[in-house]
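A short write-up of the structure that comes next.
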Amino acid sequence: MKLIIKLFLFLVMLIPQAVHAITFNVVVLPVDILNVCNNYYCFPEASEILAQDIIQNFNKTDKVKAPDLYEIRAALAADTDLYNTTAAVVRKYDYNNSIDYAGLKKIARNFDAKSVLIVSSVVVANKGLSKRSVWEVLEISSAFDIEQSYTLESGAVLIDDVNDIVMWSGNYKRILGEKSGFSARNASQANSKLDTLRMYFSDMIAQDITQNVILRFFPKTINPLDQKQKTDKKEIYKEGSMLQFEKTLPKSKSEEIPVTPNEEMGEMIFGI
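The sequence shown runs contiguously to residue 541 in the numbering used here.
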């Protein structure tokens, strides 16, 4: 009888560990995955910076794992067919936000994953009619001494490649050069713009995207916050229409980072 009780207690202790050991693999795919040193400053593209921050956040947890961008590029270089498929997928999404489910399924299968997170970040002009790389805009503004602000639009879409559905999507906006224009007269100022962008992605967007993706796989891992008023240091950002998350606004040493939160930062479709 004692042996049976001990065995029962042992099995009870193992159950939470087995549940906790569940890990989901997600391929984080920036739309500029194929653009390496493809700008005047040879800076990493904005979507790549954001994607790398998200990957690091995922791999710090025991819930979601993602291959590094170096690993993804190595796989693309070794497989011409996979390279062409990826090129078609990111080109199609970058052009008109269309999702190639068949292509994403092939990419996910190659990395033993069932989900792909597409990440984008572009400067939108002419009321959305044209899209440019943030570093292309910086080069043009600096060369022609243009004192103008621009809107950087970043987004992420989580795709379930088993059921071919969108599990979640989020969009984020930020004004570039709101006070004195977005330009750099020398390399030092250009690197300052890069550092500010890295800070914005790392401290704000990457954390929010990481939270939302984990929330789709583990709905009980994030607790909703009560309704609160804005304070000088913190704001409450609305997540869908269900949960709210508390965010601390980061500041750069050289300039403040204005953030324009959307009324609806994400949407979720239940289809699994």
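Yeah, the Cβ is synthetic: ideal placement off N, Cα and C, and Gly gets one too.
- In terms of Cα proximity to N379, the closest of L319, I415, A357 and I341 is I341.
- Taken through DSSP and simplified to helix, strand or coil, E317 comes out as helix.
- Under a 10 Å Cβ-count criterion, R443 is classified as buried, with 16 or more other Cβ atoms of the shown protein chains found around its own Cβ.
- Close CB contacts of A382 within its chain, under the 7 Å cut and outside five residues either way in sequence, are with N294, V295 and V296 (chain order).
- Of all C-beta pairs linking the segment 358-369 to the segment 324-334, fewer than three are shorter than 8 Å, placing the two stretches out of contact.
- Separation of D429 and V403 (C-alpha to C-alpha, rounded to the nearest whole angstrom) is 29 Å.
- Nearest Cα to K448 within the set W437, Y419, S461 and C306: Y419.
- Taking 7 Å as the cut-off, the beta carbon of A315 is found no closer than this to the beta carbon of S399.
- Per the coordinates, the alpha-carbon of D433 lies some 11 Å from the alpha-carbon of V385.
- Shown here, N307 sits in coil according to DSSP, grouped into three states, outside any helix or strand.
- For D429, the enclosing beta strand (DSSP E) has its first and last residue at Y419 to D429.
- In chain order, S316, E317, A320 and V388 place their CB closer than 6 Å to the CB of P299, counting only its own chain and leaving out the 5 sequence neighbours on each side.
- In this structure F413 is exposed. Its beta-carbon is surrounded by fewer than 16 other beta-carbon atoms within 10 angstroms.
- A459 and I291 have their C-alpha atoms some 43 Å from each other.
- With distances taken between CA atoms, I302 lies nearest to L351 out of L351, Y309 and V333.
- For G372, the enclosing alpha helix (DSSP H) covers residues Y370 to N379.
- In the structure shown, the three-state DSSP call for R401 is strand.
- Taking the CA atoms as reference points, N353 sits about 15 Å from A377.
- Taking I323 as reference, the option from I483, I415 and T479 with the minimal CA-CA separation is T479.
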